[in-house]
Amino acid sequence: MNIGQLFASFSSLRPARWQRHPLLAGTRTEARTLLVTGATGFIGRHLCRHLIASGDRVIVLTRNRRRADDLYGPHVSVCTSLYEIESTTCIDAIVNLAGEPIFDRAWSKRRREVLIESRLDITQKLIDLIARLDRKPEVLISASAVGYYGVRGDEELTEAHRGQTVFQSQLCQVWELAAQRAEAYGVRVCRLRFGVVLGKDGGALPQQALAARCGACTVMGGGDQWLSWIHIKDAVRLIEHCVAHDAISGAVNATAPAPVRQHEFAKTLGEVFGPGLTLRVPANLLRFALGERAQLLVDGQRVIPMYAECSGFEFQYPQLGGALGDLYGQPAPEPADVLYDALCPVCDTEMRTYCRLATRNGRAWRFDDVSLRTDLIASYRLDLATARKRVYVLSKAGEMLSGMDALNAVWSGLPGWRVLAWVLRLPVVKPAAAAFYDFVLAPIIWHWNQRRRAIRATQEDGVLSGERIV
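Numbering-wise (UniProt numbering), the sequence shown opens with residue 1 and increments by one.
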């Protein structure tokens with residue numbers, strides 16, 4: 001076997017993402033069925049996991065079935081075309097988050113057409129689906145952005161303000177107008193105008209946080225432009241709020257109630273990671289490098305979520321400091337249960353060492369062979385064969401961690417291991433360590449265990465055969 005074949009063999013043993021980040025499906029007395037487009041994107045991933053945990057049924061529309069299966073496994077129904085959905089299907093709500101990324105390429109004439117067409121095309125297909133469904137959805141949640149308002153300086157912007165003629169505004173306007181056609185079928189339409197969504201695993205924040213952790217906070221342009229933001233948890237909760245409340249329709253600003261100026265954002269981010277340098281990127285340099293896209297960085301909007309607050313929505317993270325603190329200032333999860341394959345000598349020896357250290361330091365952690373907790377792993381839709389390939393930790397907060405995340409949670413609570421745990425949580429190191437565990441360490445140990453068991457079985461068969469001959 002060559003190296004390529006060996007690597008492919010190891011990769012095939014890597015569990016899907018939904019198995020590496022296990023999800024406990026909730027139960028709801030009256031479960032809703034939601035169709036989500038853009039479900040493999042940043043907001044879509046968090047929304048779908050939230051809906052699944054809440055006990056709702058989720059239908060995912062995606063062009064990449066393999067990616068959706070990797071993310072959600074048996075927790076969702078996947079379709080690659082809306083024509084796969086029968087007219088008799090009961091869908092309570094549609095959440096449309098699909099559309100080509102707006103920032104990754106220059107806004108050439110052709111690129112502008114692609115950005116517009118990608119949004120209009122999926123929206124029109126959703127309208128066609130609504131038209132042929134026997135039972136119409138109650139609501140269509142259609143994503144938009146605060147770019148709808150264009151360039152407005154220090155003006156406080158509510159849902160009542162109109163758009164402008166700049167491209168980012170026109171893009172949002174045509175998208176929202178297309179979504180409003182669903183109203184002709186008696187469907188309530190909510191147009192969510194998202195600000196900058198803050199999360200650790202998507203959007204622009206991870207790059208900015210990496211720079212801040214390295215001691216360099218970046219200020220774009222003059223720094224006085226407004227930044228309207230929202231925590232990813234609040235973004236998901238606001239979507240669900242709009243789905244659940246029949247009185248909400250029309251434009252809804254999906255931003256926190258306390259927008260900040262760009263230099264304030266950089267300062268607050270620096271306070272989370274400690275003191276460092278402030279690097280300013282001149283607006284002219286950004287315009288030269290990015291062209292018209294620089295508007296997204298140097299021309300902000302001061303957006304106020306008037307409709308959301310008037311409808312009774314309460315932001316969990318109304319202030320930027322609290323939002324960034326939640327994302328980057330939280331301690332490692334405290335383990336309650338540690339599950340591992342006790343038939344693996346390496347795993348068993350290591351976990352016994354951790355168990356002794358935990359007991360010595362007053363940690364009431366429970367270490368178990370995963371085969372003794374099949375009821376627990378089954379509740380996460382995991383099978384025993386898959387669970388044997390990794391270490392799992394059920395935190396005291398009820399979160400199931402696996403692989404390097406699980407080991408990190410254990411190490412964080414043990415003296416002598418905390419420095420290693422801290423290093424492995426660094427932005428550059430963490431994904432590299434996770435990849436090493438997933439692609440190298442776990443497969444090697446698994447292959448070794450399989451080989452060891454096969455040799456033992458052969459030896460036992462030989463002994464039994466000898467006994468029969470005698």
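Cβ atoms here follow ideal geometry from the backbone N, Cα and C, with glycine treated the same way.
(request) Measure the CB-CB distance between A332 and A409 and report whether it falls below 8 Å. (result) Along the sequence shown, one-based indexing puts residue 332 at 332. Along the sequence shown, one-based indexing puts residue 409 at 409. Against a cut-off of 8 Å, the Cβ pair of A409 and A332 comes out as a contact.
(request) Starting from the C-beta of Q450, find all residues in its chain whose C-beta is less than 7 Å away, skip the five residues before and the five after it, and write them out in chain order. (result) Sequence index remark: in the sequence shown, residue 450 carries index 450 (1-based). Result list for Q450: empty, nothing under 7 Å.
(message) Per the DSSP calculation, G199 is bridged to which residue(s)?
(response) Stepping through the sequence shown from its first residue, residue 199 is reached at position 199. The partner list for G199 (beta bridge, DSSP) reads G202.
(request) Within 10 angstroms of the Cβ of residue 472, are there 16 or more other Cβ atoms? Answer buried if so, exposed if not. (result) Nothing about residue 472 can be read from this structure; the chain reaches only from 1 to 470.
(request) Name the residue from I445, E156, L47 and T33 whose alpha carbon lies nearest to the alpha carbon of residue 538. (result) The structure shown has nothing for residue 538, since the chain only spans 1 to 470.
(request) Taking 8 Å as the cut-off, decide whether the C-beta atoms of L296 and L198 are in contact. (result) Sequence index remark: in the sequence shown, residue 296 carries index 296 (1-based). Sequence index remark: in the sequence shown, residue 198 carries index 198 (1-based). Against a cut-off of 8 Å, the Cβ pair of L198 and L296 comes out as no contact.
(request) Return yes when the C-beta of R261 is under 7 Å from any heavy atom of the ligand SAM, and no when it is not. (result) In terms of ligand content, the structure shown is empty, and the ligand SAM therefore cannot be addressed.
(request) Please report how far the alpha carbon of G147 lies from the alpha carbon of D299, in whole angstroms. (result) For the purposes of this step, residue 147 is taken as the residue at position 147 of the sequence shown. For the purposes of this step, residue 299 is taken as the residue at position 299 of the sequence shown. Using only the alpha carbons, I get a separation of about 10 Å.
(request) Count the other C-beta atoms from every protein chain shown that fall within 10 angstroms of the C-beta of K389, then say buried if there are 16 or more, exposed otherwise. (result) Taking the sequence shown and counting its residues from 1, the one referred to as residue 389 is at position 389. Burial call: buried.
(request) Kindly confirm or deny that the region 156-163 and the region 95-111 touch, where touching means at least three C-beta pairs closer than 8 Å. (result) no
(message) By the DSSP assignment, the alpha helix (DSSP H) with S87 in it spans what residues?
(response) Along the sequence shown, read from residue 1 onward, the residue named residue 87 stands at position 87. It is not in any alpha helix (DSSP H) - S87 carries neither H nor E in the DSSP assignment.
(request) Output the boundary residues of the beta strand (DSSP E) element that contains N96. (result) Locating residue 96 in the sequence shown gives position 96, where the first residue counts as 1. Here the beta strand (DSSP E) through N96 covers A93 to N96.
(message) I need the straight-line Cα distance from E86 to I94, nearest angstrom please.
(response) Looking up residue 86 in the sequence shown gives position 86. Looking up residue 94 in the sequence shown gives position 94. Between E86 and I94, the C-alpha separation is close to 15 Å.
(request) Return the CA-CA distance between D104 and N361, expressed in angstroms with no decimal places. (result) Here residue 104 is taken as the residue at index 104 of the sequence shown, counted from 1. Here residue 361 is taken as the residue at index 361 of the sequence shown, counted from 1. The alpha-carbon atoms of D104 and N361 are separated by roughly 49 Å.
(message) In whole angstroms, give me the CA-to-CA distance for Y317 and T353.
(response) The residue given as residue 317 occupies position 317 in the sequence shown. The residue given as residue 353 occupies position 353 in the sequence shown. Taking the straight line from one Cα to the other gives about 40 Å.
(message) Using only the alpha-carbon positions, how far apart do M1 and W226 sit?
(response) Counting from 1 along the sequence shown, the entry for residue 1 is found at position 1. Counting from 1 along the sequence shown, the entry for residue 226 is found at position 226. With a pLDDT of only 46 at M1, under the threshold of 50, the placement of this residue in the model should not be trusted; the figure read from the coordinates follows. Distance between the alpha carbons of M1 and W226 is about 58 Å.
(request) Might you give, ordered along the chain, the residues of its own chain that have their beta carbon closer than 6 Å to the beta carbon of V470, omitting 5 neighbours on each side? (result) Position 470 of the sequence shown, counted from the first residue, corresponds to residue 470. Annotation note: pLDDT 45 at V470 (below 50); position unreliable, no value reported.
(request) Compare the Cα-Cα distances from P275 to each of V281, A266 and A283 and report the closest residue. (result) Along the sequence shown, read from residue 1 onward, the residue named residue 275 stands at position 275. Answer by Cα proximity: A266.
(message) Using C-beta distances below 6 Å, list every residue in its chain close to A211, excluding the 5 sequence neighbours before and after it, in chain order.
(response) Start at 1 with the first residue of the sequence shown, and residue 211 comes out as number 211. Counting only Cβ-Cβ distances below 6 Å, and skipping sequence neighbours, we find T218.
(request) Could you please give the first and the last residue of the uninterrupted alpha helix (DSSP H) stretch that includes S141? (result) The count along the sequence shown starts at 1 and reaches residue 141 at position 141. Correcting the residue type first, residue 141 is Ile in the shown sequence and not Ser. Counting along the chain, I141 falls outside any alpha helix (DSSP H), though it belongs to the beta strand (DSSP E) covering V139 to A145.
(request) Please go through the region 373-415 and give each complete alpha helix (DSSP H) segment of 4 or more residues, from N-terminal end onward. (result) 374-379, 384-387 and 403-412
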